[in-house]
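Visitor: Here it is: the structure, laid out below.
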Amino acid sequence: MAHDSHEYIPEIAVDRNGNEHVVQGWQGDNYGGKLGFWLFMLTEVMMFGAMFMVLTYYFTLHHADFIKASSELDRTLGGINTVVLLISALTMGLGLLKMRSGDVKGAKLMIWATMLLAVIFLGVKALEWTNDYKEGIFLGLQGLQSGNEFSKPFGEILFFGMYFTMTGLHGFHIIIGIGLMLWLLKRINSGKVTPEHNILHFNIALYWDLVHLIWVFVFPYFYMTGAGAIHG
Amino acid sequence: MANHTTVDYKKERGNYYKVLFGLLALTALTFIQPSMFLTHYTFGMQMLIGTLKAWIILMYYMHLKGEVLIGWTVVFAVFLVLFFFVIVMIDVNNFQFADVSHITSPAQ
Numbered sequence: 002m003a004h005d006s007h008e009y010i011p012e013i014a015v016d017r018n019g020n021e022h023v024v025q026g027w028q029g030d031n032y033g034g035k036l037g038f039w040l041f042m043l044t045e046v047m048m049f050g051a052m053f054m055v056l057t058y059y060f061t062l063h064h065a066d067f068i069k070a071s072s073e074l075d076r077t078l079g080g081i082n083t084v085v086l087l088i089s090a091l092t093m094g095l096g097l098l099k100m101r102s103g104d105v106k107g108a109k110l111m112i113w114a115t116m117l118l119a120v121i122f123l124g125v126k127a128l129e130w131t132n133d134y135k136e137g138i139f140l141g142l143q144g145l146q147s148g149n150e151f152s153k154p155f156g157e158i159l160f161f162g163m164y165f166t167m168t169g170l171h172g173f174h175i176i177i178g179i180g181l182m183l184w185l186l187k188r189i190n191s192g193k194v195t196p197e198h199n200i201l202h203f204n205i206a207l208y209w210d211l212v213h214l215i216w217v218f219v220f221p222y223f224y225m226t227g228a229g230a231i232h233g
Numbered sequence: 020m021a022n023h024t025t026v027d028y029k030k031e032r033g034n035y036y037k038v039l040f041g042l043l044a045l046t047a048l049t050f051i052q053p054s055m056f057l058t059h060y061t062f063g064m065q066m067l068i069g070t071l072k073a074w075i076i077l078m079y080y081m082h083l084k085g086e087v088l089i090g091w092t093v094v095f096a097v098f099l100v101l102f103f104f105v106i107v108m109i110d111v112n113n114f115q116f117a118d119v120s121h122i123t124s125p126a127q
């Protein structure tokens, strides 16, 4: 039966003796929703885990090239993005807290703040990639292709290939996150996410934490490996 | 069944800010470590700090603290990734075509 409100209408199952039982609907299964989303996130961990595995293999093969390439990245912009993402994880978490404590307006404000920080992250990343492009470091440019006079050492080509792939994929997850937050706002506005039914908000906050978590390893691996005078 | 868990916003907010300052301190450590201490072990130290940050995020921001079933599911997934990581590393260290592979022996 189609209905517009979020009122939960339980399904009734009747056993052979004619007794009625309420069927547990997925809409109200908070723990099931959370567990299911964790399973999805673990597939993300495995995808990025495989990429880190490839990265580590290349790193062992071309150690010196990786350190040199890492030292060429802009640590200031990377650091700014690290802090931006860190604060956005806080605003997302506070938004969920506000929702659970009944402050829907405050929750929406925090989601908008998180989206603003996400856009800032993408803007900084775009600036960084633009600078890389101007310096001849970008996918498809001669410097990152072997066999020509502008070619970088092979290890550096591998490093930058992985850098653009992994930070690009991470950026794609940021864009997906913005889309999810817009959808969440729509659901809140239509009364389908409420302080009592907040599993969608909870899971999107989890997603945003995962995006933050991935960056926690992407940033030091790419940006900090080449920092300092002596490297291990 | 709705999620009827009510929260004390002010109390929980304090915890969130504590975690934020902890993560900011570790981020600052990330920046100063390569030039301040254990400079011979930059990569290892960076990964160690990253792991510590990840643990804090998982426990407090992602609410894994006290979640037994989900916690073990995460441990299993991380174990699986690490298991394949070790297998692949052993395999590539004994790569029989290392001398002719474009990746391991690129043409200069």
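Chains A and B, in that order, give the protein sequences. Count along the first sequence from 1, then add 1; that gives the number in this note's numbering. Count along the second sequence from 1, then add 19; that gives the number in this note's numbering. Built from N, CA and C at the ideal position, the CB exists for glycine as well.
Name, going along the chain, the residues of the segment 190 to 222 of chain A whose beta-carbon falls closer than 7 Å to a beta-carbon of chain B.
Guide: Glu197, His198, Asn199, Ile200, Leu207, Asp210, His213, Leu214, Val217, Phe218 and Pro221
Visitor: Measure from the alpha carbon of Tyr36 (chain B) to the alpha carbon of each residue in A:Ala90, A:Leu183 and A:Gly80, then state which is nearest.
Guide: A:Ala90
Visitor: Could you confirm whether any beta carbon from chain A is found closer than 8 Å to the beta carbon of Val26 (chain B)?
Guide: yes
Visitor: When the cut-off is 8 Å and only beta carbons count, does Leu110 (chain A) lie next to chain B?
Guide: no
Visitor: Would Tyr164 (chain A) be called buried (16 or more neighbouring beta carbons within 10 Å of its own) or exposed?
Guide: It counts as buried.
Visitor: I'd like to check one pair, Ala96 (chain B) with Leu43 (chain A): are the Cβ atoms closer than 8 Å?
Guide: yes
Visitor: Measuring only the C-alpha atoms, how far is Gly233 (chain A) from Phe223 (chain A)?
Guide: The predicted model places Gly233 (chain A) with a pLDDT of 44, which falls under 50 and marks its position as unreliable; any figure quoted below should be read in that light. Roughly 14 Å separates the two Cα atoms.
Visitor: Which runs of the alpha helix (DSSP H), 4 residues or longer, sit entirely within the segment 32 to 114 of chain B?
Guide: Every alpha helix (DSSP H) of 4 residues or more that sits fully in the segment 32 to 114 of chain B is shown, in chain order, as 61 to 75 and 87 to 112.
Visitor: Mapping DSSP to helix, strand and coil, what is Glu136 (chain A)?
Guide: It is coil, neither helix nor strand.
Visitor: Compare the Cα-Cα distances from Thr92 (chain A) to each of A:Phe218, A:Ser152, A:Asp210 and A:Asn132 and report the closest residue.
Guide: A:Asp210
Visitor: With burial defined as no fewer than 16 other Cβ atoms inside 10 Å of the residue's Cβ, what is the status of Arg17 (chain A): buried or exposed?
Guide: exposed
Visitor: Between Lys72 (chain B) and chain A, is there a C-beta pair that is closer than 8 Å?
Guide: yes
Visitor: Note down, in chain order, every chain B residue with its Cβ under 7 Å from the Cβ of Ser89 (chain A).
Guide: Contact of Ser89 (chain A) with chain B by beta-carbon distance below 7 Å is absent, the smallest such distance being about 11 Å.
Visitor: I need the straight-line Cα distance from Gly178 (chain A) to Phe38 (chain A), nearest angstrom please.
Guide: 14 Å
Visitor: Out of curiosity, what's the CA-to-CA distance linking Pro11 (chain A) and Leu36 (chain A)?
Guide: 22 Å
Visitor: If we cut at 8 Å on Cβ distances, does Gly229 (chain A) have a partner in chain B?
Guide: yes
Visitor: If we ignore side chains and look at the alpha-carbon of each, how far apart do Leu88 (chain B) and Val84 (chain A) end up?
Guide: Taking the straight line from one Cα to the other gives about 32 Å.
Visitor: If you measure beta-carbon to beta-carbon, which residues of the segment 31 to 52 of chain B are closer than 7 Å to chain A?
Guide: Going along the segment 31 to 52 of chain B in chain order, one finds Glu31, Arg32, Tyr35, Leu39, Leu42, Leu43, Thr46, Thr49 and Phe50 with a Cβ nearer than 7 Å to chain A.
Visitor: Which same chain residues end up closer than 6 Å to Ile231 (chain A) when comparing Cβ atoms and leaving out the 5 residues on each side of it in sequence?
Guide: Annotation note: pLDDT 46 at Ile231 (chain A) (below 50); position unreliable, coordinate value reported separately. Correct list: empty, nothing qualifies.
Visitor: For Phe155 (chain A) and Pro53 (chain B), which I take to be in contact (beta-carbon distance under 8 Å), what is that distance rounded to the nearest angstrom?
Guide: Incorrect: roughly 25 Å between the Cβ atoms, too far for contact.
Visitor: Ordered along the chain, which non-local residues of its own chain (more than five positions away) have a Cβ less than 8 Å from that of Gly229 (chain A)?
Guide: none
Visitor: For a cutoff of 8 Å on Cβ pairs, would you count Glu83 (chain A) as touching chain B?
Guide: Before going further, note that residue 83 (chain A) is Thr rather than Glu in the sequence given. Yes, contact with chain B.
Visitor: Provide the residue span of the alpha helix (DSSP H) that contains Ala14 (chain A), from first to last.
Guide: First-last for Ala14 (chain A): Glu12 to Val15, but that is the beta strand (DSSP E), not the alpha helix (DSSP H).
Visitor: For Arg17 (chain A), return the contacting residues in chain B, with the cut-off set at a CB-CB distance below 9 Å.
Guide: Residues of chain B passing the Cβ test: none, with the nearest at roughly 26 Å.
Visitor: When the distance is taken between beta carbons, is Ile112 (chain A) closer than 8 Å to Gly96 (chain A)?
Guide: yes
Visitor: In chain B, what lies closer than 8 Å to Thr226 (chain A) by C-beta?
Guide: Thr61, Phe62 and Gln65
Visitor: In the DSSP assignment, what residue or residues form a beta bridge with Val24 (chain A)?
Guide: A:Glu12
Visitor: Between the alpha carbons of Val107 (chain B) and Ala117 (chain B), how many angstroms are there, rounded?
Guide: 14 Å
Visitor: Identify the continuous alpha helix (DSSP H) that holds Met182 (chain A) and give its terminal residues.
Guide: Phe155 to Asn190
Visitor: Cα separation between Lys106 (chain A) and His198 (chain A)?
Guide: Going from the Cα of Lys106 (chain A) to the Cα of His198 (chain A) covers about 16 Å.
Visitor: Tell whether a beta-carbon distance below 8 Å holds between Gly69 (chain B) and Val217 (chain A).
Guide: Yes, they are a contact pair.
Visitor: Could you check how far apart the C-beta atoms of Phe161 (chain A) and Ala70 (chain A) are, in whole angstroms? I think they sit under 8 Å.
Guide: Their Cβ separation, rounded to whole angstroms, is 6 Å, which keeps Phe161 (chain A) and Ala70 (chain A) in contact under 8 Å.
Visitor: Quick one: list the residues of chain A neighbouring Val107 (chain B), beta-carbon separation under 8 Å, in chain order.
Guide: Residues of chain A whose Cβ lies closer than 8 Å to the Cβ of Val107 (chain B) are, in chain order, Met54 and Tyr58.
Visitor: To the nearest whole angstrom, what separates the beta carbons of Leu87 (chain A) and Leu39 (chain B), a pair I think is in contact under 8 Å?
Guide: 7 Å
Visitor: Closer than 8 Å, CB to CB, is Met81 (chain B) near chain A or not?
Guide: yes
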